[in-house]
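Numbering (the working numbering), first residue to last: 12 to 247.
One structure below.
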């Protein structure tokens with residue numbers, strides 16, 4: 012007579028991600044990695060797509076992996092790279108999506124592995140920089156001097172800054188305001204100071220040039236108050 016024996020299977024199809032805790036990259040282009048591996052040998056190739064939900068913050072390489080009967084138990088490494096921007100947008104958490112597996116092996120086709128998340132550390136701080144401000148000097152002969160204003164990071168909305176002379180009888184300012192946009196934020200804008208003549212023997216006069224607090228719907232810039240400058244108007 013025949014004897015039938017049942018061999019109980021101890022294998023369960025699955026996809027395992029490892030090294031997914033605390034994934035961190037930075038806008039300086041640093042990288043981090045995690046790995047993917049199958050839990051059992053497939054009967055046909057198994058392919059899994061990997062995408063970043065925000066490629067402006069984090070890129071992924073490779074964007075897909077394929078497991079075969081020969082490499083199914085060898086973890087494949089996924090490299091995440093931080094992408095730089097010029098925004099003061101704080102640290103960003105980006106989801107890394109792993110698509111459902113595709114395969115002619117019915118045990119693997121459609122299995123959807125867990126996703127991962129990675130933090131991209133920001134390297135930008137909103138600020139307003141004034142340059143060429145040392146030793147500003149004009150004269151009552153209407154000579155001029157200049158300084159520049161520029162933003163330190165790209166704003167998410169227009170940023171306007173008013174500039175005024177505290178004594179227009181000694182020094183005038185042109186322009187009296189500047190506006191920075193997402194297109195020109197990194198281009199220094201020049202402010203021209205012009206000496207004003209009077210008929211007084213009043214010695215050289217030091218005049219304060221006030222740069223007002225910025226106004227913007229970008230909260231990182233709204234209310235930022237850049238340093239003021241001073242200029243000497245030489246008496247004639």
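Cβ atoms here follow ideal geometry from the backbone N, Cα and C, with glycine treated the same way.
Just so you know, these numbers come straight off a predicted model, no measurement behind them.
Buried/exposed call for residue i, threshold 16 Cβ in 10 Å
i	result
residue 41	exposed
residue 186	exposed
residue 131	buried
residue 112	buried
residue 241	exposed
Secondary structure of residue i, DSSP reduced to three states
i	result
residue 121	coil
residue 87	strand
residue 215	coil
residue 235	coil
residue 38	coil
residue 25	coil
Spatial distance of residue i from residue j (CA atoms)
i	j	result
residue 33	residue 221	46 Å
residue 124	residue 88	15 Å
residue 30	residue 204	59 Å
residue 225	residue 235	5 Å
residue 198	residue 97	13 Å
Residue closest to residue i, alpha-carbon to alpha-carbon, out of the options
i	options	result
residue 128	64, 27, 175	64
residue 227	169, 92, 244	169
residue 166	239, 193, 149	193
residue 46	37, 52, 68, 72	72
residue 213	244, 199, 235, 111	244
residue 109	216, 96, 62	62
residue 217	246, 237, 197, 95	246
Beta-carbon proximity list for residue i, same chain, < 6 Å, skipping 5 on both sides
i	result
residue 231	99, 137
residue 190	169, 171
Proximal residues to residue i (C-beta, below 8 Å), its chain only, five neighbours per side dropped
i	result
residue 36	42, 43, 69, 91, 92, 93, 129, 130, 131, 132
residue 180	207, 209
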